[in-house]
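Visitor:
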Amino acid sequence: MLNSFFTDLHIHIGRDMYNKPVKITGAKTLTLTNILKEASRNKGIHMAGVIDSHAPAVQEEIKQLIDAGKAYELADGGVRFEKVTLLPGAEIEVYDENCHGQIHVLCFFPTLAAIGKFTEWLTGKMKNVTLSSQRYYGSAKELQYKVKELSGLFIIAHAFTPFKSLYGKGVRQSLKEVFDPDLIDAIELGLSSDTMMADQIAELHDYTFVSNSDAHSLAKIAREYQEIMMDEPSFKEFEWALGNVNGRGIKQNFGMNPHLGKYYTTVCSQCLEPLSPDADQCHTCHSTKIIKGVYDRIQELSNADGSNMERPPYLYQVPLEYLPKLGPKTFEKLLSHFDTEMNVIHHVPFEELQEIVPEKLAASIIRMREGDLEIKAGGGGRYGSVTS
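For the numbering used here, count along the sequence shown from 1 and bump the result up by 3.
See below:
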């Protein structure tokens, strides 16, 4: 019998075990060990994809946890720490002769040995393998072939964001311009898009969609995630879920309403004035630096009304910290009574919630559980906000 597990597969490392930066913009507290503790003890995430695990010092920290008896490798791939399974991965920046702009991709591997071999290979194709999301010097297809040679998974990262993404500026029309479509295992939607938006592009209809946080701090883990039906949280089961094998699959995607994302609409990059998608100059400050919004870019590419694939529901949701009137003390009180954020968001009855927090806040949590929160839209590099 299969069970459901919550998974966030795009989490960065801010600092390694020697306090040296990995993701330059990541929080200093965002260490490998802190991520695993936060996911297991506070967030209630069952599988965490750490996409800076290619860095040698991060691999060293994983091995230290194993040597200390705090973690162990699973027979079906992944590393178990307390209640969470770590999927070791890497975010790579692709920019070969077929690209029109940089494209970020996620590569996951079943074992430490496999990602160790990947790091050795990357060392000759990257200026600084100790850092996150670095430029890879080689072709996109060569990267895909290497990942598959090492029994890995290849996922397109935040496919629609205006910067460093597949459809943002990476290709003009089709992923086939750069990638072998048969060697892509999933498409990550990103914070400014959802399933319905992505399914307007016909070439994506055969791919599973994933929704992940792209966390640069501990608090942002699981701001987007998915619930997956698996036998257990392991690499093999996750691979089967992406392929909908033997009943495995994504049960639900959870993510912020695209209107909350920073890049939903087209704006001037200098003064953030909203602009029409075909604008080539800002009518306010006359700058020619335009950020094309995700919605407008998808409209340019749209060639389908929806997929024939039966998609799982996409439920609009935010982390608890986004809710008005829910401060750090209230957050700690909820966790002390109900263990994890996932438990609060998904399972605790209204009656029990209102015994701990004010009735209005308890009602907001329930509305969020049902995907029914009022929001103020974001855009132009600014996140939106929840108003109720």
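Even glycine gets a Cβ: it sits at the ideal position worked out from N, Cα and C.
By DSSP, does V389 sit in helix, in strand, or in coil?
Guide: If DSSP states are grouped into helix, strand and coil, V389 belongs with the strands.
Visitor: Per DSSP, which residues does P59 bridge with? Please list them.
Guide: Beta-bridge pairing links P59 to no other residue.
Visitor: Under the DSSP definition of a beta bridge, which residues are partnered with L156?
Guide: Paired residue(s): F111.
Visitor: Does the Cβ of C110 have 16 or more other Cβ atoms within 10 Å, making it buried, or fewer, making it exposed?
Guide: C110 should be labelled buried.
Visitor: Can you tell me the Cα-Cα spacing of E335 and P315, whole angstroms?
Guide: Taking the straight line joining both Cα atoms gives about 32 angstroms.
Visitor: Whole angstroms is fine: what's the gap from K239's alpha carbon to G80's?
Guide: C-alpha separation (whole angstroms): 6 angstroms.
Visitor: Measure the C-alpha to C-alpha separation of C271 and S168 and round it to an integer number of angstroms.
Guide: Near 19 angstroms, if we compare the C-alpha coordinates of S168 and C271.
Visitor: Could you tell me how far apart the beta carbons of T133 and A30 are, in whole angstroms, since I believe they sit closer than 8 angstroms?
Guide: With 8 angstroms as the limit, T133 and A30 do not qualify as a contact, their Cβ atoms being about 18 angstroms apart.
Visitor: Alpha carbon to alpha carbon, how far is D217 from K223?
Guide: Approximately 8 angstroms between the Cα atoms of the pair.
Visitor: List the endpoints of the continuous alpha helix (DSSP H) containing D299.
Guide: Element bounds for D299: 297-304.
Visitor: My output table needs one value for Q147: the three-state DSSP class, helix, strand or coil.
Guide: If DSSP states are grouped into helix, strand and coil, Q147 belongs with the helices.
Visitor: Taking the Cβ atom as the reference point for each residue, do I16 and L39 lie within a distance shorter than 8 angstroms?
Guide: Not closer than 8 angstroms, so no.
Visitor: Once the 5 residues before and after T291 are set aside, which same chain residues still bring their CB inside 7 angstroms of it?
Guide: Only D283, Q284 meet the Cβ criterion.
Visitor: For F84, which residues in the same chain have their Cβ closer than 6 angstroms to its Cβ, ignoring the five residues on either side in sequence?
Guide: Answer for F84: L39, A74, listed in chain order.
Visitor: My assumption, with CB atoms under 8 angstroms, is that I378 sits in contact with L263. Please give the rounded CB distance.
Guide: Rounded, the Cβ-Cβ distance is 6 angstroms, consistent with contact.
Visitor: If we count Cβ pairs, one from each stretch, closer than 8 angstroms, do we get three or more for the segment 319-328 versus the segment 287-303?
Guide: With the cut-off at 8 angstroms, the segment 319-328 and the segment 287-303 do not touch.
Visitor: Given that a residue counts as buried once 16 or more other Cβ atoms are within 10 Å of its Cβ, and exposed if not, what is G246?
Guide: Per the 10 Å Cβ criterion, exposed.
Visitor: Going by Cα to Cα distance, which pick from R226, G250, G381 is closest to T268?
Guide: Among R226, G250, G381, the Cα nearest to that of T268 is on G381.
Visitor: What ranges does the alpha helix (DSSP H) occupy inside the segment 150-232, keeping only unbroken runs of at least 4 residues that lie completely in it?
Guide: With a minimum length of 4 residues, the continuous alpha helix (DSSP H) runs that stay inside the segment 150-232 are 198-201.
Visitor: Can you tell me where the beta strand (DSSP E) holding E355 begins and where it ends?
Guide: Not the beta strand (DSSP E): E355 falls in the alpha helix (DSSP H), residues 353-356.
Visitor: From Q203 to Y21, what distance separates their C-alpha atoms?
Guide: Near 46 angstroms, if we compare the C-alpha coordinates of Y21 and Q203.
Visitor: Mind pulling the alpha helix (DSSP H) runs of 4 or more residues that sit fully within the segment 267-332?
Guide: Taking only runs of at least 4 residues, the alpha helix (DSSP H) segments lying wholly in the segment 267-332 are 297-304.
Visitor: Could you tell me the boundaries of the beta strand (DSSP E) in which L39 lies?
Guide: Element bounds for L39: not the beta strand (DSSP E) but the alpha helix (DSSP H), 35-40.
Visitor: Where does E355 land, buried or exposed, given buried means 16+ other C-beta within 10 angstroms?
Guide: E355 comes out exposed.
Visitor: Can you check which of these residues, P91, V351, G47, is closest to E64 by C-alpha distance?
Guide: Checked all of P91, V351, G47; the closest Cα to E64 is P91.
Visitor: Excluding the 5 residues flanking H349 on each side, which residues of the same chain have their C-beta closer than 7 angstroms to its C-beta?
Guide: R372, listed in sequence order.
Visitor: Can you pull the DSSP bridge partners for S7?
Guide: In DSSP, S7 forms a bridge with M232.
Visitor: Starting from V82 and walking both ways along the beta strand (DSSP E), at which residues does that stretch end?
Guide: 82-84 is the extent of the beta strand (DSSP E) around V82.
Visitor: Taking 8 angstroms as the threshold (C-beta atoms), are G155 and A117 in contact?
Guide: Yes, these two residues count as a Cβ contact at 8 angstroms.
Visitor: Tell me which residue opens and which closes the beta strand (DSSP E) that E94 is part of.
Guide: Taken as a continuous stretch (DSSP letters only), the beta strand (DSSP E) holding E94 covers 87-97.
Visitor: Check whether the Cβ atoms of I27 and I54 lie closer than 8 angstroms to each other.
Guide: Against a cut-off of 8 angstroms, the Cβ pair of I54 and I27 comes out as no contact.
Visitor: Take every Cβ of the segment 170-184, pair it with every Cβ of the segment 122-131, and state whether three or more of those distances are shorter than 8 angstroms.
Guide: No: the two stretches stay apart, fewer than three of their Cβ pairs being nearer than 8 angstroms.
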